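Participant: For the record, the sequence lines run as chains A and B. So the first sequence is numbered by this note's numbering: it starts at 30 and just counts up by one. So the second sequence is numbered by this note's numbering: it starts at 164 and just counts up by one. Even glycine gets a Cβ: it sits at the ideal position worked out from N, Cα and C. Computed from a predicted model, the values in this text were never measured in an experiment. Quick one: the structure is below, questions incoming.
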Amino acid sequence: MQISRSIYMRRAVFSVVASLIGVVFALPLVWFIFAPFNARAELGLAIPSPFTLSNFVTVFQNSFAMHALLNSLIQAIGGVILVGGAATLAAYALSRSSIPGKGAVTYILLLFSSVVSGSAAMVPIFLIISAIGLIDTHLAVILVFAGGLLPTAMFILRDFIDAIPRSYEESAMVAGASPIQAFFDVALPVIRPGIVVVVVWAFVNIWGSFLIPFILLRKDTLMPASVAIYSFYSEAGTPIVTLLAAYSLIYSLPVIVLYLFVNWKFGFRFFGGIKS
Amino acid sequence: MASVEFQNVSKTFGSFTAVPDISFSIADGEFVCLLGPSGCGKTTSLRMIAGLETPSAGKVLIGGKDVTYLHPKDRQISMVFQDYALYPHMNLADNIAYPLKVRGESEDKRHARAREVADVLKIGDLMGRLPSQISGGQQQRTSLARALVYPSQVYLFDEPLSNLDAKLRLEARGFLNHLQRDMGMTAVYVTHDQAEAMALATRIAVMDKGRIVQFAPPIEIYRRPATTFVANFVGNPPMNLVPVAAMVDGGQLRLRADGLTLPSLPVSDAIAKAAAAGKMTLGIRPEHLRMAEAGSANTIAGKLFANENMGPESLVTMERADSGRVTARIFTDDEIRTGDQVTLSFDTRHVTLFDETGARIPAIGE
Chain A
30 MQISRSIYMR RAVFSVVASL IGVVFALPLV WFIFAPFNAR AELGLAIPSP
80 FTLSNFVTVF QNSFAMHALL NSLIQAIGGV ILVGGAATLA AYALSRSSIP
130 GKGAVTYILL LFSSVVSGSA AMVPIFLIIS AIGLIDTHLA VILVFAGGLL
180 PTAMFILRDF IDAIPRSYEE SAMVAGASPI QAFFDVALPV IRPGIVVVVV
230 WAFVNIWGSF LIPFILLRKD TLMPASVAIY SFYSEAGTPI VTLLAAYSLI
280 YSLPVIVLYL FVNWKFGFRF FGGIKS
Chain B
164 MASVEFQNVS KTFGSFTAVP DISFSIADGE FVCLLGPSGC GKTTSLRMIA
214 GLETPSAGKV LIGGKDVTYL HPKDRQISMV FQDYALYPHM NLADNIAYPL
264 KVRGESEDKR HARAREVADV LKIGDLMGRL PSQISGGQQQ RTSLARALVY
314 PSQVYLFDEP LSNLDAKLRL EARGFLNHLQ RDMGMTAVYV THDQAEAMAL
364 ATRIAVMDKG RIVQFAPPIE IYRRPATTFV ANFVGNPPMN LVPVAAMVDG
414 GQLRLRADGL TLPSLPVSDA IAKAAAAGKM TLGIRPEHLR MAEAGSANTI
464 AGKLFANENM GPESLVTMER ADSGRVTARI FTDDEIRTGD QVTLSFDTRH
514 VTLFDETGAR IPAIGE
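This is how it looks when you write it as structure tokens:
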């Protein structure tokens, strides 16, 4: 009796503590869901009364902010195609061929990748991009993101491909397939879950990034949503909470939709991922 | 169908030599098993026939044509992999028909042909399933079907039965044997299971450390193992090998070892020469040993180590004074207990002698 009571006590304490931590994390999300529909939303949590879409109406009238969503989409999709395609081919080559020192190459790239898209390299990146004359283009943003994300994407995919037996492609080649046929018919479909993970990860990274487009772009017509969100600040620099909340909700929808779509269509599979 | 030939082939991986230098030839229609322990180079040799590894030196010929540097797709070969390598995203029909797809056959034609082969292998009604939805034995037959669906010069097997349970393995082995004899295909089959090699092969190449130690028909390998390595690898359980002191005295060979009572054996020139070294290895197959009275001639004695009942027969293992063990395969109802004294007799005709280096000494009159 004594023992089971102490177990109950421990469980009760654990549950209470866990719930409290959960609430702390949940509160901002609850605000995030309620505030957009509240015409008098403030930073405090309040259930909207009346429930209204007026915030959204105002946001939709802000053509700069709406166009920015399209720009975000262009940059994110462009970056994802480049990262997904290049990382797949590079990771496949690194995994299957016997290039001397390929392990070192991967790890050095990985080490430097955090530098490329990080703020430390902003000045050189700006200088390089302006020297090539790409300042103020979507391509500049896409290229910089691709450079920053590729090494990690390659690393994730290489481990994924390493875990797939070579006998798949070998059996295809023995059966008469060329290496390219073996790659597209057999290897690619098997690698696809890994590519999906990389694609989602790259999309979320680019979609949410502020600094790089902010530095590389000047024209309003090219700014992504992460930058355009500042148009919902008053001239004094204080946020207009109602509009900010509504725009944030719209801004986060594509990522949520992408996640749900991928999860429904492919399912997230991380096996073959990073080995211990 | 075609012949296969290796001319002084070697293969090194960095500083590791998988195959130092082998030459052999396999005639059209032969079923050759490459038999040996893991790491003996048998799989590397097979992969060089397939073109999945390129030899570091030497030539590989298929049907008399030099294919050393030919891509696997241009070799007209079939291969069954140990892990079956079935494509997880294709159903059985597409898996089996894949070789025809890359050959540009129309979908109708290739599915009809795949169905034909699948029916022979009794997986015809599973064509719509994915590989993950069928059993291990069915996966094995699917990979076999994929190898058989198109005409090939040589069929390669890389331990295809090692992932099956014992009963399925026997069944698949029988089927492969029938299939090969029926089609007369040239087959090279890699295995570490001596029973599989004995049952399937028309000739066995026993490999050790990248070299072929003996290349002969199964019965020859069994009756006249070229070395103690072969003797110890083939047979279930393998041949008993007893190190003995040897001398020739009065025209008779005399062998001494703990527990061994062997008054004399006839001498040939070869035996006399080997005996000059003073040491030999005496080989006796477990099935050639019988229970006998203690102290009688042509016997070997020791204390019982283990008595394993196998159903029709028992495996009686005894340990001699020098802690060497000898196993006999005998029909017995005797209740022998661990530690009991056991005497096993043998016919001197069934004795195999190996010289100091482990090479077999030819029997008299051979």
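Measuring alpha carbon to alpha carbon, tell me which of F509(B), A190(B), N470(B) and A464(B) ends up nearest G487(B).
Facilitator: Comparing Cα-Cα distances from G487(B) to each of F509(B), A190(B), N470(B) and A464(B), the minimum goes to A464(B).
Participant: Give a yes or no on whether the minimum CB-CB distance between G214(B) and chain A is below 9 Å.
Facilitator: Interface residue, yes.
Participant: Would you identify the three-state DSSP class for A181(B), choosing helix, strand or coil?
Facilitator: In this structure, A181(B) counts as strand in the three-state DSSP scheme.
Participant: Considering just the uninterrupted stretch of the alpha helix (DSSP H) at E456(B), what are its terminal residues?
Facilitator: No alpha helix (DSSP H) holds E456(B); DSSP gives it neither H nor E.
Participant: Closest Cβ-Cβ distance between G205(A) and chain B: below 9 Å?
Facilitator: It does: the Cβ of G205(A) has a partner Cβ on chain B nearer than 9 Å.
Participant: Helix or strand or just coil, what does DSSP make of I240(B)?
Facilitator: DSSP places I240(B) in strand when its eight states are reduced to three.
Participant: Roughly how many angstroms lie between the CA atoms of L178(A) and V86(A), to the nearest whole one?
Facilitator: In a straight line, the C-alpha of L178(A) is about 36 Å away from that of V86(A).
Participant: If you draw a straight line from the C-alpha of L138(A) to the C-alpha of A149(A), how long is it?
Facilitator: Each residue's Cα considered, the two are about 16 Å apart.
Participant: Could you tell me if I158(A) is buried or exposed, where buried requires 16 or more neighbouring beta carbons within 10 angstroms of its beta carbon?
Facilitator: Counting Cβ neighbours within 10 Å, I158(A) comes out buried, since at least 16 surround it.
Participant: In the DSSP assignment, what are the bridge partners of G465(B)?
Facilitator: V505(B).
Participant: How big is the Cα-Cα spacing for S459(B) and A379(B)?
Facilitator: Answer to the nearest angstrom: the Cα atoms are 37 Å apart.
Participant: Going by Cα to Cα distance, which pick from L418(B), Y232(B), L263(B) and K228(B) is closest to S241(B)?
Facilitator: The option with the nearest alpha carbon to S241(B) is L263(B).
Participant: Hey, does F300(A) have any beta-carbon neighbour from chain B nearer than 9 Å?
Facilitator: At F300(A), the pLDDT of 46 sits below 50, so the modelled position is not reliable; the number obtained from the coordinates is stated separately. For F300(A), the answer is no, since every Cβ of chain B falls outside 9 Å of its Cβ.
Participant: Would you give the residue range spanned by the beta strand (DSSP E) that V430(B) belongs to?
Facilitator: Premise fails: V430(B) is in no beta strand (DSSP E) and is neither H nor E.
Participant: Between S431(B) and L425(B), what straight-line distance do the alpha-carbon atoms span, to the nearest angstrom?
Facilitator: The alpha-carbon atoms of S431(B) and L425(B) are separated by roughly 17 Å.
Participant: Going by beta carbon distance, what residues of the same chain come within less than 6 Å of I303(A), once the five residues before and after it are set aside?
Facilitator: Any reading at I303(A) is ruled out, since the residue's pLDDT is 37, under 50, leaving its predicted position unreliable.
Participant: Quick one: which residues of the segment 214 to 236 of chain A get their C-beta closer than 9 Å to a C-beta of chain B? List them in chain order.
Facilitator: Answer in chain order: D214, V215, P218, V219 and R221.
Participant: Would you identify the three-state DSSP class for T490(B), choosing helix, strand or coil?
Facilitator: In the structure shown, T490(B) sits in a strand (DSSP, three-state: E or B).
Participant: Alpha carbon to alpha carbon, how far is L423(B) from N461(B)?
Facilitator: Cα to Cα, L423(B) sits roughly 8 Å from N461(B).
Participant: According to the neighbour-count rule (16 or more other Cβ atoms, all chains shown, within 10 Å of its Cβ), is D503(B) buried or exposed?
Facilitator: With fewer than 16 Cβ atoms within 10 Å of its Cβ, D503(B) is classed as exposed.
Participant: Can you give me the Cβ contacts of L516(B) inside the same chain, cut-off strictly under 6 Å, excluding the 5 residues immediately before and after it?
Facilitator: Here the set comprises M443 and I524.
Participant: Identify, in the order they occur along the chain, each residue of the same chain with its Cβ nearer than 7 Å to the Cβ of V229(A), setting aside the five sequence neighbours on each side.
Facilitator: L287, Y288 and V291, listed in sequence order.
Participant: Would a C-beta distance cut-off of 9 Å place F396(B) and G199(B) closer than the cut-off?
Facilitator: Against a cut-off of 9 Å, the Cβ pair of G199(B) and F396(B) comes out as a contact.
Participant: Going by Cα to Cα distance, which pick from N100(A), P129(A) and L118(A) is closest to I224(A)?
Facilitator: Selected option, being the one with the closest Cα: L118(A).
Participant: Would you say P283(A) lies against chain B (beta-carbon separation less than 9 Å)?
Facilitator: By this cut-off, P283(A) is not an interface position.
Participant: Using the Cα positions of N470(B) and E482(B), report the straight-line distance between them to the nearest angstrom.
Facilitator: If I take the Cα positions, the gap works out to 12 Å.
Participant: In or out: F300(A) buried (at least 16 other Cβ within 10 Å) or exposed?
Facilitator: Residue placement at F300(A) is poorly supported in this model, since its pLDDT is 46, which falls under 50; the coordinates still yield a value, given next. The residue is exposed, with fewer than 16 neighbouring Cβ atoms inside 10 Å.
Participant: Quick one, which residues of the segment 177 to 202 of chain A are near chain E if we go by CB-CB under 8 Å, in chain order?
Facilitator: Although the question refers to chain E, the structure presented lacks it and instead comprises the protein chains A and B.
Participant: Give me the Cα-Cα distance between K285(B) and A216(A), rounded to the nearest whole angstrom.
Facilitator: The straight-line gap from Cα to Cα measures roughly 28 Å.
Participant: Are V489(B) and L428(B) close, meaning C-beta to C-beta below 9 Å?
Facilitator: It is not a contact, given that the beta carbons lie outside the stated cut-off.
Participant: Distance check for K272(B) and I297(B), CA to CA, integer angstroms please.
Facilitator: In a straight line, the C-alpha of I297(B) is about 24 Å away from that of K272(B).
Participant: Going straight from the alpha carbon of I76(A) to that of S35(A), what length do you get?
Facilitator: Between I76(A) and S35(A), the C-alpha separation is close to 40 Å.
Participant: From the DSSP output, which residues share a beta bridge with I209(A)?
Facilitator: In the DSSP output, where bridge partners are listed per residue, I209(A) has none listed.
Participant: Rounding to the nearest angstrom, what Cα-Cα distance links Y261(B) and A364(B) in this structure?
Facilitator: So the two alpha carbons sit approximately 29 Å from each other.
Participant: Which residue's Cα is closest to the Cα of Q104(A): V219(A), W293(A) and L251(A)?
Facilitator: Checking every option, the nearest Cα to that of Q104(A) belongs to L251(A).
Participant: Spatial neighbours of A64(A) within its chain, please: C-beta separation below 6 Å, excluding the five flanking residues on both sides.
Facilitator: Answer for A64(A): A70 and A274, listed in chain order.
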